[in-house]
């Protein structure tokens, strides 16, 4: 039997929950709707899902708190799409910093939400399109780090594991598959998130900042991901394939 993607919608607005849930269901997705973090936790304790649509503005634990909790726990690999208010740029930035895979600004068209969900689901199951990838290598080495492309985590020189969010992993793979090549923000956003940047989109800059933190890379004098003024970013080190996949 073919797998039907299961989307969990967390929003305190009952009308939005029902409208979105019904629309996604009519378009081939399995949906569950809950009103708050308590219900979300209870449901996830018993049922795995493929993606979580998470509203930021909720009473009690808001979406930012819940996203941080998800990224720190056993559901850290589950993609999260956040719903944000139009004027809350700060919340969008913080949501991306906490590990959200994408965001959508309210009010939104249900068709756009469906397209974003499908794009995020595709990205979590395969490397971004149009990449020349090195899938023959399970361990990619650069500097003091190795990336395990099967488990999708970093290993430092002492063997200590550093977990990556889905968005962080995809961005690092893009850099490792295009080392020492300048990539602009539009290219990086398209390759990692499957969409074009708008004029004020800061998600790639935030994601680069998060990835630098994972790599312990000094943003003032980075050794791994360098900023090329007016152009974009470049992964400055060579990449070595250490081990072939079985």
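Numbering (the UniProt record's numbering), first residue to last: 1 to 246. The beta-carbon is built from N, C-alpha and C at its ideal position, and this holds for glycine as well.
Does DSSP put residue i in a helix, a strand or coil?
i, result
"residue 112", "helix"
"residue 69", "helix"
"residue 55", "strand"
"residue 169", "helix"
"residue 151", "coil"
"residue 74", "coil"
"residue 82", "strand"
"residue 23", "helix"
For residue i, collect the residues of the same chain with a Cβ closer than 7 Å to its Cβ; drop the 5 residues on either side in sequence, then sort them by chain order.
i, result
"residue 132", "Unreliable placement is indicated for residue 132, whose pLDDT of 41 sits below 50; no coordinate value is reported for it."
"residue 116", "81, 102, 104"
"residue 153", "161, 162, 163, 164"
For residue i, which of the options has the nearest alpha-carbon?
i, options, result
"residue 150", "143, 169, 82, 144", "169"
"residue 142", "172, 114, 167, 205", "172"
"residue 229", "184, 180, 207, 26", "184"
"residue 15", "7, 33, 174", "33"
"residue 108", "84, 121, 96, 95", "84"
"residue 5", "234, 122, 210, 148", "122"
With a threshold of 6 Å on Cβ separation, who are the neighbours of residue i within its own chain once the five nearest residues in sequence on each side are excluded?
i, result
"residue 219", "212"
"residue 46", "none"
"residue 114", "27"
"residue 247", "Residue 247 falls outside the range modelled here, since the chain spans only 1 to 246, and no answer is possible."
Spatial neighbours of residue i within its chain, please: C-beta separation below 8 Å, excluding the five flanking residues on both sides.
i, result
"residue 112", "104"
For residue i, which residues does DSSP report across the bridge?
i, result
"residue 7", "31, 51"
"residue 208", "Its beta-bridge partners do not exist; DSSP assigns none."
"residue 142", "145"
Just to check my reading of the structure: residue i and residue j have Cβ atoms closer than 8 Å, yes? What is that Cβ distance to the nearest angstrom?
i, j, result
"residue 54", "residue 63", "5 Å"
"residue 99", "residue 56", "Going by Cβ atoms, the distance from residue 99 to residue 56 rounds to 14 Å, so no, they are not a contact pair."
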